[in-house]
Every structure is written in structure tokens, then in C-alpha cells.
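Trainee: Heads up: the sequence shown begins at 3 in the working numbering, then just goes up one per residue. Quick reminder that beta carbons are idealized off the backbone N, C-alpha and C, glycines included.
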Amino acid sequence: MDKTMRESEGELSDETRMQFEKGWLWEEALSLAFGQKAAARPEPLYVDGIWGSPDGIRYDDPAKLIPIVEEYKCTAVRSDKSPADMWRWMMQVKGYCKMVGAFKCVFRILHLEFVPVYKVWEIEFTQRELDENWEAIMNQAKFMRRGE
3 MDKTMRESEG ELSDETRMQF EKGWLWEEAL SLAFGQKAAA RPEPLYVDGI WGSPDGIRYD
63 DPAKLIPIVE EYKCTAVRSD KSPADMWRWM MQVKGYCKMV GAFKCVFRIL HLEFVPVYKV
123 WEIEFTQREL DENWEAIMNQ AKFMRRGE
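(1) Drop a sphere of 10 angstroms on the beta-carbon of Val122, count the other beta-carbons inside from all chains shown, and report buried for 16 or more, exposed for fewer.
(2) Use the C-beta contact count for Pro64: other C-beta atoms within 10 angstroms, 16 or more gives buried, fewer gives exposed.
(3) DSSP has Trp28 in a bridge; who is on the other side?
(4) Is the beta carbon of Leu47 within less than 7 angstroms of some heavy atom of the ligand ZN?
(5) Take Tyr120 and list the residues in its own chain whose beta-carbon comes closer than 6 angstroms to its own, dropping the five residues that flank it on each side.
(6) Where does Gly51 sit, in a helix, a strand or coil, going by DSSP?
(7) Please report the distance separating the alpha-carbon of Trp89 from that of Met146.
(8) How about Ile59 and Ala31: do their beta carbons lie closer than 8 angstroms?
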């Protein structure tokens with residue numbers, strides 16, 4: 003987590019805590035509203051020493067062979083910004099896609115502007131994009147473990 007989100011080492015600011023709570027409420031609201039119709043919330047995933055917790059996984063194909071990652075965001079980011087412009091979000095969902103064998107992610111974003119805006123975005127990735135992202139995640143994990 004960025005140090006800018008902390009008041010002092012180890013403490014989250016009230017504003018940051020409130021943003022996390024809004025995000026959790028949004029996830030819960032969508033999960034309850036959609037039930038199992040849109041996406042099922044999977045158990046946390048553990049791949050190559052990395053934990054991941056996608057908000058949802060769904061299948062569009064009848065045989066349920068091709069997973070699609072669902073990610074829910076509640077944010078103060080302007081609604082004219084694409085999720086593709088948010089590198090942290092991209093790192094996160096590309097990691098989830100790699101973990102479950104997906105190539106597509108659907109973002110369901112509530113933008114908390116003066117007038118709240120709800121947008122749905124669908125982004126597809128190539129195998130190369132997912133592999134390069136996973137390599138970056140693994141390298142960061144190695145770097146962080148050296149400091150333990």
C-alpha cells in the first residue's frame with residue numbers, strides 16, 4: 003500500500019478506511035443483486051505463492067470452459083477514465099486472469115462523482131500480456147520476500 007494512504011507507518015487514514023468500506027459495500031451489493039446469475043464469488047486463489055481474490059468468476063459459454071473475471075470498483079476516479087488507464091487495477095485483474103485461465107475481465111464500476119455514474123467495461127488480454135504481468139508480480143514478490 004502506498005505510504006500516501008497512511009497517516010503514519012502502519013496506520014490507515016480515516017479517508018482510506020472509508021474508501022475501503024465503500025468498496026466492500028459495493029462488492030456485497032453487486033453480489034447480492036446478481037446472486038449466481040452473473041458471477042460466483044470464488045474462494046481465495048493461491049498460485050505460485052501468490053494469493054488472489056477475484057470479486058467474481060462467470061462463464062458465457064454453455065460448457066463453462068472459458069472463465070471471465072469480474073471486478074467491482076467503487077471509486078472517486080472520474081467516469082471518463084477507462085480501467086485500462088489504472089495500472090494497479092490492470093496488474094490486479096491480469097493476475098486474476100492468469101490464476102483462473104481467463105483472457106477477459108468485466109469491470110463494474112461505481113464512480114462517486116457529484117452525480118454517481120455506473121459503468122461496465124469489458125477488457126480482453128493476450129496470453130503475452132498475462133504472462134508479462136505475472137512475471138512482474140513474481141519479481142515483485144521475490145523483492146518483497148528479500149526484505150522479510
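Mentor: Result, derived from the coordinates:
(1) Within the sequence shown, residue 122 is the residue found at index 120, counting from 1. That one is exposed.
(2) Mapped onto the sequence shown, residue 64 falls at position 62. The residue is exposed, with fewer than 16 neighbouring Cβ atoms inside 10 Å.
(3) Taking the first residue of the sequence shown as position 1, residue 28 is located at position 26. Partner(s): none; Trp28 has no beta bridge.
(4) For the ligand ZN, the structure offers nothing, since it holds no ligand at all.
(5) In the sequence shown, the residue the question calls residue 120 occupies position 118. Cβ within range, chain order: Leu112.
(6) Residue numbering aside, residue 51 sits at position 49 when the sequence shown is read from its first letter. Coil.
(7) Reading the sequence shown from its first residue, position 87 is the one you call residue 89. Reading the sequence shown from its first residue, position 144 is the one you call residue 146. Distance between the alpha carbons of Trp89 and Met146 is about 19 angstroms.
(8) Counting from one through the sequence shown, the residue named residue 59 turns up at place 57. Counting from one through the sequence shown, the residue named residue 31 turns up at place 29. Against a cut-off of 8 angstroms, the Cβ pair of Ala31 and Ile59 comes out as no contact.
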